[in-house]
Amino acid sequence: MDCPKCSSTLKITKYKGIEVDKCDSCEGMWLDYPELDELEDTVLDADEQKGSTITRPGESEFKCPRCSGPMQQFRYRYNEIWLEVCAEEHGFWLDKGEEKRVLETMSQRIKDLKRSTNAEQDMDRLLGRIRSKSFLHKIKDAIKG
Ligand SMILES: [Zn+2]
Ligand SMILES: [Zn+2]
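Reading the sequence shown from the start, the letters are residues 201 to 345 in the working numbering.
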């Protein structure tokens with residue numbers, strides 16, 4: 201599988217205990233969308249229940265590394281990060297640093313060491329959340345308008 205941004209070969213690696221496909225060149229990251237991940241639905245937060253986390257979806261110029269179909273770009277309100285998703289439910293693309301940016305913002309807000317551990321946990325929840333089935337459905341609804 202090749203990187204949608206720079207065409208380098210993606211390497212399977214573990215990030216936060218999740219298997220991801222990572223690009224060594226541009227350091228972007230591909231997260232496969234799991235077929236059935238109902239468990240993750242339990243971590244949905246209030247924002248998500250209101251359906252307001254995903255805004256401004258639009259066409260991405262990049263192609264899905266699995267099917268070469270067009271990806272959609274959308275903004276995830278959690279930290280104003282832009283993610284790309286395959287409309288055919290293959291997965292998500294995170295550019296270099298997008299996952300780190302989430303952590304950084306949270307550590308700025310959370311000063312002491314004990315709570316920055318929570319920032320890590322929040323990141324785990326975010327990763328779980330964007331891979332959940334209901335999250336994908338929200339994206340699809342948003343895309344359809
Ligand atoms: Zn790349
Ligand atoms: Zn695809």
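C-beta: ideal position from N, C-alpha, C; glycine also. Small disclaimer: the values here were computed from a predicted structure and weren't measured.
Annotation: the continuous beta strand (DSSP E) that includes residue 211 extends over 210 to 215.
The beta carbons of residue 269 and residue 231 sit about 16 Å from each other, so the pair does not count as a contact at 8 Å.
Look at residue 263 here: in three-state DSSP terms it is strand.
In this model, residue 258 and residue 201 are separated by some 24 Å (Cα to Cα). The nearest non-hydrogen atom of ligand 1 is 8 Å or more from the C-beta of residue 332. The three-state reading of DSSP puts residue 227 in coil, since its state is none of H, G, I, E or B.
In the structure shown, residue 329 falls within a helical segment according to DSSP collapsed to helix, strand and coil. In the DSSP assignment, residue 284 falls within the unbroken beta strand (DSSP E) covering 281 to 286. Between ligand 2 and the CB of residue 259, the shortest heavy atom gap is not smaller than 8 Å.
The alpha carbon of residue 342 has as its nearest neighbour, out of 265, 273, 203, 205, the alpha carbon of 273.
When secondary structure is reduced to three states using DSSP, residue 324 falls in the helix class.
Annotation for residue 297: no beta strand (DSSP E) segment contains it, and DSSP assigns it neither H nor E. In the three-state DSSP reduction, residue 205 falls in the coil class, being neither helix nor strand.
By the neighbour-count definition (other C-beta atoms within 10 Å, threshold 16), residue 260 is a buried residue.
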